[in-house]
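Asker: The sequence shown begins at 0 in numbering that gives the first Met the number 0 and counts up one residue at a time.
Positions of the beta carbon are idealized from the N, C-alpha and C atoms, including for glycine.
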Amino acid sequence: MDAQSYAPLAADSLPARLGTIPALRDRLGNPSTWRAREVGDGNLNLVFIVEGERGGLVAKQALPYVRLVGESWPLPLTRSFFEFHALTRQAARDPGSVPEVVHFDEGQALVVMEYLRDHVILRRALIEGQRPEGLGRRLGTFCARTLFRGSDLCMKPADRKADLALFAGNVDLCAITEDLVFTDPYFEAPLNRHTPALAPLVAELRADAALKIAAQHLKTAFAARAETMLHGDLHTGSVMVGPGSIRVIDPEFATYGPMGFDVGMLMANFLMAFCAAPAHAGPDHGAWILGEMRAVWTAFEIEFTHLWRTERTGMLFPPALYEEAGQAHAAEQARLDWLGGVWRDTLGFAGIECHRRILGLAHNADFETIPDEALRAASEARALALGRALMLGQGAIPGIDSLLALARDIAERDWL
Ligand code: SR1
Ligand code: MG
Numbered sequence: 000m001d002a003q004s005y006a007p008l009a010a011d012s013l014p015a016r017l018g019t020i021p022a023l024r025d026r027l028g029n030p031s032t033w034r035a036r037e038v039g040d041g042n043l044n045l046v047f048i049v050e051g052e053r054g055g056l057v058a059k060q061a062l063p064y065v066r067l068v069g070e071s072w073p074l075p076l077t078r079s080f081f082e083f084h085a086l087t088r089q090a091a092r093d094p095g096s097v098p099e100v101v102h103f104d105e106g107q108a109l110v111v112m113e114y115l116r117d118h119v120i121l122r123r124a125l126i127e128g129q130r131p132e133g134l135g136r137r138l139g140t141f142c143a144r145t146l147f148r149g150s151d152l153c154m155k156p157a158d159r160k161a162d163l164a165l166f167a168g169n170v171d172l173c174a175i176t177e178d179l180v181f182t183d184p185y186f187e188a189p190l191n192r193h194t195p196a197l198a199p200l201v202a203e204l205r206a207d208a209a210l211k212i213a214a215q216h217l218k219t220a221f222a223a224r225a226e227t228m229l230h231g232d233l234h235t236g237s238v239m240v241g242p243g244s245i246r247v248i249d250p251e252f253a254t255y256g257p258m259g260f261d262v263g264m265l266m267a268n269f270l271m272a273f274c275a276a277p278a279h280a281g282p283d284h285g286a287w288i289l290g291e292m293r294a295v296w297t298a299f300e301i302e303f304t305h306l307w308r309t310e311r312t313g314m315l316f317p318p319a320l321y322e323e324a325g326q327a328h329a330a331e332q333a334r335l336d337w338l339g340g341v342w343r344d345t346l347g348f349a350g351i352e353c354h355r356r357i358l359g360l361a362h363n364a365d366f367e368t369i370p371d372e373a374l375r376a377a378s379e380a381r382a383l384a385l386g387r388a389l390m391l392g393q394g395a396i397p398g399i400d401s402l403l404a405l406a407r408d409i410a411e412r413d414w415l
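This is the structure in structure tokens:
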């Protein structure tokens with residue numbers, strides 16, 4: 000394909016346009032047998048499942064605009080380049096955690112990857128009451144491996160700086176996060192929307208000066224603390240679950256930022272699934288979700304600790320200063336300090352993610368699929384209250400058990 004002539008794929012033209020690519024013919028067979036269907040239900044891109052005589056693949060292509068909004072919001076095709084580079088790094092840092100990339104075409108903004116047959120989006124699975132085995136443990140481990148191994152705790156400085164420079168180019172996707180996550184929820188931004196019954200709560204949040212200061216401190220951390228390569232959009236719509244398999248997808252928002260951003264986004268989306276659970280699979284399922292949140296954080300701590308002790312090969316906290324100087328205990332103290340910082344960041348980012356998914360442009364199916372508007376508003380109100388408590392009360396939530404107790408307490412009360 001001519002790299003200069005980007006054109007969006009269509010299901011009927013896809014076999015002819017991609018059928019000359021050897022890697023795809025190897026995996027799918029003769030292009031005359033290929034059948035493509037567009038299945039994208041995300042906010043940004045085209046996604047095709049292509050099946051042929053030998054197997055299936057997924058073709059994900061960026062559009063030059065935000066799909067959710069339309070051509071009035073242009074968006075560079077380069078997000079596909081960042082997704083490809085993030086996927087290759089995540090595959091190396093946590094093998095088996097992401098779909099295998101089979102083909103990348105920068106000019107067509109196209110990543111062709113493994114088709115995760117029999118998998119569903121985690122958000123949908125949680126709404127239906129599914130309980131994927133080992134979910135929290137797998138995701139906590141993914142966070143620890145990708146976040147530790149993408150940082151100056153592990154990487155050689157030149158490699159890490161090269162990656163920092165590479166992902167610094169993901170300007171427009173970062174701008175989406177900077178606006179939609181950190182700013183828009185707290186004023187009447189044009190694309191915002193919320194369930195009407197929430198109006199009094201929304202007014203209260205937008206009048207809360209301390210909350211707006213906290214939001215901008217979190218934005219500062221996101222924009223200025225380039226600790227590691229983040230997935231950048233790690234919500235339950237960016238995870239697929241299948242029989243005995245859990246995969247993380249869609250890292251097109253990848254950028255360097257604080258570790259707690261990814262962990263916080265993930266925790267927030269579990270918290271929102273918890274708040275919505277009584278309207279879907281029931282409160283027992285909510286209790287299971289909280290248990291998986293404990294598993295996320297526990298697995299994160301365990302794996303991070305293992306990596307801290309065995310792979311601290313970057314420039315930060317060099318073993319020469321600690322273990323090799325007979326002061327292993329100081330390295331342990333530094334590890335605990337680091338984890339404490341990640342925890343506090345996690346709480347703050349989780350809080351803001353709860354707010355933006357209810358007050359901003361991009362909402363969650365967890366709430367959107369509750370048809371009874373009063374019930375939806377009540378569920379969302381709990382998540383709003385949780386979000387505020389997390390953003391303002393980080394110091395009063397010392398660990399995962401306090402967070403889960405807070406979630407249970409808030410869920411027992413009416414906030415409207
Ligand atoms: C305009 S894009 C809206 C949201 O969709 C993506 O999944 C990100 O979460 C982004 O904030
Ligand atoms: Mg996405």
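Using a 10 Å radius around the Cβ and a threshold of 16 neighbouring Cβ atoms, would you call residue 137 buried or exposed?
Answerer: Counting Cβ neighbours within 10 Å, residue 137 comes out buried, since at least 16 surround it.
Asker: To which residues of the same chain is residue 368 closer than 7 Å at the C-beta, ignoring the five residues directly before and after it?
Answerer: If we look at residue 368 and ignore the five residues flanking it on each side, its Cβ neighbours are 126.
Asker: Answer with buried or exposed for residue 12, where buried requires no fewer than 16 other C-beta atoms within 10 angstroms of its C-beta.
Answerer: Classification of residue 12: exposed, given that the 10 Å Cβ count is below 16.
Asker: Assign residue 118 to one of three DSSP states: helix, strand, or coil.
Answerer: Coil.
Asker: Taking the Cβ atom as the reference point for each residue, do residue 296 and residue 399 lie within a distance shorter than 8 Å?
Answerer: Yes, the Cβ-Cβ distance between residue 296 and residue 399 is below 8 Å.
Asker: State the Cα-Cα distance for the pair residue 354 and residue 210, rounded to the nearest angstrom.
Answerer: Residue 354 and residue 210: Cα-Cα distance of roughly 11 Å.
Asker: Under the criterion of a Cβ to heavy atom distance below 7 Å, does residue 237 qualify as lining the ligand MG?
Answerer: Answer for residue 237: yes, Cβ within range of the ligand MG.
Asker: Under 7 Å: does the beta carbon of residue 232 sit that close to some heavy atom of the ligand SR1?
Answerer: True, at least one ligand heavy atom lies under 7 Å from that Cβ.
Asker: Confirm, please, whether the CB-CB distance from residue 240 to residue 119 is below 8 Å.
Answerer: It is a contact, given that the beta carbons lie within the stated cut-off.
Asker: DSSP state of residue 416, grouped into three classes?
Answerer: Outside the shown range of the chain, which is 0 to 415, sits residue 416, and nothing can be said about it.
Asker: Nearest CA to the CA of residue 364: which residue from 273, 217 and 213?
Answerer: The shortest C-alpha separation from residue 364 is found at 273.
Asker: Check whether the Cβ atoms of residue 106 and residue 280 sit closer than 8 Å, and answer yes or no.
Answerer: In this structure, residue 280 does not lie closer than 8 Å to residue 106 by Cβ.
Asker: At what residue ranges does the segment 28–104 contain a whole run of the alpha helix (DSSP H), taking only runs of 4 or more?
Answerer: If we require 4 residues or more, the alpha helix (DSSP H) runs fully inside the segment 28–104 come out as 78–92.
Asker: Nearest to residue 8 by CA position, among 20, 59 and 25, is which residue?
Answerer: Checking every option, the nearest Cα to that of residue 8 belongs to 59.
Asker: Where do the ends of the beta strand (DSSP E) carrying residue 350 lie?
Answerer: First-last for residue 350: 327–358, but that is the alpha helix (DSSP H), not the beta strand (DSSP E).
Asker: Give the single residue among 86, 78 and 397 whose Cα lies nearest to the Cα of residue 108.
Answerer: Nearest C-alpha to residue 108: 78.
Asker: In terms of alpha-carbon separation, which member of 26, 96 and 194 lies closest to residue 376?
Answerer: The residue with the shortest Cα to Cα distance from residue 376 is 194.
Asker: For residue 378, which three-state DSSP category applies?
Answerer: Helix at residue 378.
Asker: With respect to 7 Å, is the separation between the Cβ of residue 41 and the closest non-hydrogen atom of the ligand MG below this value?
Answerer: Yes, the Cβ of residue 41 comes within 7 Å of a heavy atom of the ligand MG.
Asker: Along the chain, where does the beta strand (DSSP E) that runs through residue 416 open and close?
Answerer: Here the chain has residues from 0 to 415 only, and residue 416 is not among them.
Asker: Using the Cβ count rule (16 or more neighbours within 10 Å means buried), how would you classify residue 139?
Answerer: Residue 139 should be labelled buried.
Asker: Alpha carbon to alpha carbon, how far is residue 0 from residue 99?
Answerer: Because residue 0 sits at a pLDDT of 47, beneath the cut-off of 50, its placement in the model cannot be relied upon, and the following sentence gives the value as read from the coordinates. Rounded to whole angstroms, residue 0 to residue 99 spans 22 Å at the Cα level.
Asker: One question on the structure: do residue 56 and residue 86 come within less than 8 Å of each other, judged by their Cβ atoms?
Answerer: Their beta carbons are not under 8 Å apart, which means residue 56 does not touch residue 86 by this criterion.
Asker: Which same chain residues, not among the five before or five after residue 244, have their C-beta less than 7 Å away from its C-beta?
Answerer: Excluding residues within five positions, the ones whose Cβ falls inside 7 Å are 118.
Asker: For a quick check, are the C-beta atoms of residue 316 and residue 263 less than 8 Å apart?
Answerer: For residue 316 and residue 263, no; Cβs fall outside 8 Å.
Asker: Let's test the definition: count the other Cβ atoms within 10 Å of the Cβ of residue 35 and tell me whether it reaches 16, buried, or not, exposed.
Answerer: Buried, because 16 or more other Cβ atoms sit within 10 Å of the Cβ of residue 35.
Asker: List in chain order: all unbroken beta strand (DSSP E) runs of 3+ residues lying wholly within the segment 206–242.
Answerer: The segment 206–242 contains these whole beta strand (DSSP E) runs: 227–229 and 238–241.
Asker: Check for me: the alpha helix (DSSP H) holding residue 300 runs from which residue to which?
Answerer: 282–309 is the extent of the alpha helix (DSSP H) around residue 300.
Asker: Which same chain residues, not among the five before or five after residue 159, have their C-beta less than 8 Å away from its C-beta?
Answerer: Contacts found: 149, 150, 151 and 313.
Asker: Excluding the 5 residues flanking residue 166 on each side, which residues of the same chain have their C-beta closer than 7 Å to its C-beta?
Answerer: Cβ within range, chain order: 81, 228, 253, 254 and 255.
Asker: Can the beta-carbon of residue 275 be found closer than 8 Å to that of residue 186?
Answerer: For residue 275 and residue 186, no; Cβs fall outside 8 Å.
Asker: Grab the span of the alpha helix (DSSP H) containing residue 170 for me, first residue to last.
Answerer: Note, residue 170: alpha helix (DSSP H), 170–175.
Asker: To which residues of the same chain is residue 428 closer than 6 Å at the C-beta, ignoring the five residues directly before and after it?
Answerer: With the chain running from 0 to 415 in the structure shown, residue 428 is simply not present.
Asker: Between residue 61 and residue 84, what straight-line distance do the alpha-carbon atoms span, to the nearest angstrom?
Answerer: Rounded to the nearest angstrom, the two C-alpha atoms are 15 Å apart.
Asker: Please report the distance separating the alpha-carbon of residue 39 from that of residue 233.
Answerer: Taking the straight line joining both Cα atoms gives about 18 Å.
Asker: Keeping to the same chain, check which residues put their C-beta closer than 7 Å to that of residue 102; ignore five residues upstream and five downstream.
Answerer: 20, 22, 23 and 111.
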